[in-house]
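2 protein chains.
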Amino acid sequence: MQFTVSLPEWAIQEQARLPSHIPSLEERMRIVIRFSGLNIEYQTGGPFAAGVFERDSGRLIVIGVNRVIPSNVSSAHAEIVALSLAQQQILHNWDLGSDPLAAFQLVVNWRPCAMCYGATLWSGIRSLLVAGSDDACERITGFDEGPLHPEWQEELAKRGIEFQDGMLYKEAVEVFKIFRDRGGRVYNSRQARRPPP
Amino acid sequence: MQFTVSLPEWAIQEQARLPSHIPSLEERMRIVIRFSGLNIEYQTGGPFAAGVFERDSGRLIVIGVNRVIPSNVSSAHAEIVALSLAQQQILHNWDLGSDPLAAFQLVVNWRPCAMCYGATLWSGIRSLLVAGSDDACERITGFDEGPLHPEWQEELAKRGIEFQDGMLYKEAVEVFKIFRDRGGRVYNSRQARRPPP
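From first to last, the protein sequence lines stand for chains A and B.
Sequential numbering of the first sequence, starting at 29, is according to our numbering.
Sequential numbering of the second sequence, starting at 29, is according to our numbering.
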């Protein structure tokens with residue numbers, strides 16, 4: 029009795045073509061946003077991607093994408109996919125903060141939802157970089173992001189996780205608009221508030 | 029490229045011995061608490077278990093246990109394991125709320141952590157039953173449960189999820205004390221506040 033979540037074939041191939049290290053933060057985010065767009069283009073999940081990198085060297089560990097519908101797993105958000113692959117398959121450690129020589133960073137094309145916020149806390153990553161954190165994602169896509177604690181940024185800092193926001197905001201939002209314009213399937217707001225038509 | 033989380037062998041065998049339906053809520057909780065204790069006794073994960081049931085009939089779908097350390101996956105908390113197994117392996121649906129004829133219930137031996145709270149919101153379950161929700165778990169075990177939104181119970185209700193608390197509180201706490209007395213490994217509070225000694 030087990031469950032499995034896998035990356036789509038295109039994501040494995042795309043990652044194989046990337047350089048081993050991506051020193052620029054902006055370039056890391058550009059790649060993650062590109063994966064979020066490819067995930068809807070190939071119809072392999074929702075418009076979200078997340079990358080795990082060594083923060084200082086930029087070594088690429090893995091890029092995950094949202095796999096909720098193809099996996100039949102409602103928690104297979106991009107962040108959980110990326111963190112789990114990094115932990116289980118690549119670094120063989122449930123705690124990405126246990127190596128004193130390497131701090132790991134999670135790069136996401138939006139601020140984590142309520143679930144992925146918690147997953148970030150427990151992962152051991154030391155740095156979280158997002159493209160945006162306002163209501164644009166919920167407003168444009170219709171996804172419910174859930175309630176975060178009012179002091180969620182301070183709570184990251186308390187646990188030693190640096191936070192940086194607003195990297196390539198417009199590029200991230202552009203993907204959400206493509207998702208909306210194609211009538212992308214919103215898989216988690218059946219019972220919550222819906223965006224205005 | 030994929031990650032997998034599995035149940036320990038004892039949990040599969042124990043479930044095979046349970047009746048197909050467990051009508052009593054108290055009995056559902058008693059079973060879940062027993063699994064939380066067995067998980068530390070067999071050293072197959074942290075002191076947490078979660079069961080998915082058909083709310084009205086009591087049909088047992090699956091009981092999951094915490095698998096963080098054995099899986100090398102920091103998000104393999106009992107709730108995520110149970111919900112993912114129910115969705116992917118048993119009901120073949122990422123949305124447990126999509127069947128108009130069956131409402132599903134998640135039964136957990138404590139209130140979900142910040143991550144599992146979000147996972148509960150996205151799972152489609154319509155009912156959440158927990159043994160307790162105060163600071164006893166953090167205080168006794170040393171686990172960090174993360175920050176929940178101050179109106180987390182109202183936010184469940186907004187999304188159509190009933191909430192019931194306090195079922196077999198003392199029995200749940202007893203397992204946490206056994207975990208503490210055996211020096212159980214706390215895998216998520218390295219960087220957060222620790223309980224007083």
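In this text, a Cβ means the ideal position worked out from N, Cα and C, and glycines have one as well.
From a predicted model like this one, the values you see are computed outputs, not experimental measurements.
Closer than 9 angstroms to the CB of residue 68 of chain A there is not a single CB belonging to chain B. For secondary structure counted as the alpha helix (DSSP H) over 4 or more consecutive residues, the region 77-153 of chain A holds these complete runs in sequence order: 96-99, 106-112, 142-151. Residue 49 of chain B counts as exposed, since fewer than 16 other C-beta atoms from the protein chains shown sit within 10 angstroms of its C-beta.
With respect to residue 54 of chain B, residue 195 of chain B sits close: the two C-beta atoms are nearer than 9 angstroms. A straight line joining the alpha-carbon of residue 71 of chain B with that of residue 60 of chain B spans about 16 angstroms.
DSSP places residue 191 of chain B in the uninterrupted beta strand (DSSP E) bounded by 190-192. If you check each beta-carbon in the region 148-162 of chain B against every beta-carbon of chain A, the ones closer than 9 angstroms belong to 148, 149, 150, 151, 152, 154. Bridge pairing for residue 157 of chain A: A/135, A/192 [DSSP]. Bridge pairing for residue 169 of chain B: absent [DSSP].
Residue contact with chain B for residue 183 of chain A: present (Cβ-Cβ distance below 9 angstroms to some residue of chain B). Shown here for residue 63 of chain A: same chain residues with a beta carbon closer than 6 angstroms to its own, the five before and five after excluded, namely 77, 91, 93 in chain order. An exposed status is given to residue 84 of chain B, since fewer than 16 other beta-carbon atoms sit within 10 Å of its beta-carbon.
Taking 9 angstroms as the threshold, the shortest C-beta distance from residue 53 of chain A to chain B does not fall below it. For residue 143 of chain B, at least one C-beta of chain A is nearer than 9 angstroms to its own C-beta. With respect to chain B, the C-beta atom of residue 64 of chain A has no partner C-beta closer than 9 angstroms. Of the residues B/42, B/178, B/210, B/192, the one whose Cα lies closest to the Cα of residue 170 of chain B is B/210. For residue 30 of chain A, the uninterrupted beta strand (DSSP E) segment begins and ends at 30-34. Note on residue 187 of chain B: 16 or more other CB atoms within 10 angstroms of its CB, so buried under the neighbour-count rule.
Rounded to the nearest whole angstrom, the C-alpha separation of residue 56 of chain B and residue 104 of chain B is 21 angstroms. Within the region 205-217 of chain B, the residues whose Cβ lies closer than 7 angstroms to any Cβ of chain A are, in chain order, 215, 216. For residue 207 of chain A, same chain residues with a beta-carbon under 7 angstroms away, outside a window of 5 residues either side, are 68, 75, 169 in chain order. Using a Cβ-Cβ cut-off of 9 angstroms, residue 35 of chain B is close to 29, 30 of chain A, given in chain order. A check of alpha carbon separations from residue 123 of chain A across B/99, B/132, B/40, B/51 identifies B/99 as the nearest. Residue 159 of chain B places its beta carbon less than 9 angstroms from that of residue 137 of chain B.
Per DSSP, residue 40 of chain A is one residue of the alpha helix (DSSP H) stretching across 37-44.
Contact note: residue 175 of chain B reaches chain A through 177, 179, 180, 183, using a C-beta cutoff of 8 angstroms and chain order. With a cutoff of 9 angstroms on beta-carbon distance, residue 30 of chain A and residue 117 of chain B are scored as near each other.
Among the residues of chain B, those whose CB is under 7 angstroms from the CB of residue 108 of chain A are 103, following chain order. Taking 9 angstroms as the threshold, the shortest C-beta distance from residue 48 of chain B to chain A does not fall below it. Not one beta carbon of chain A lies nearer than 9 angstroms to the beta carbon of residue 80 of chain B.
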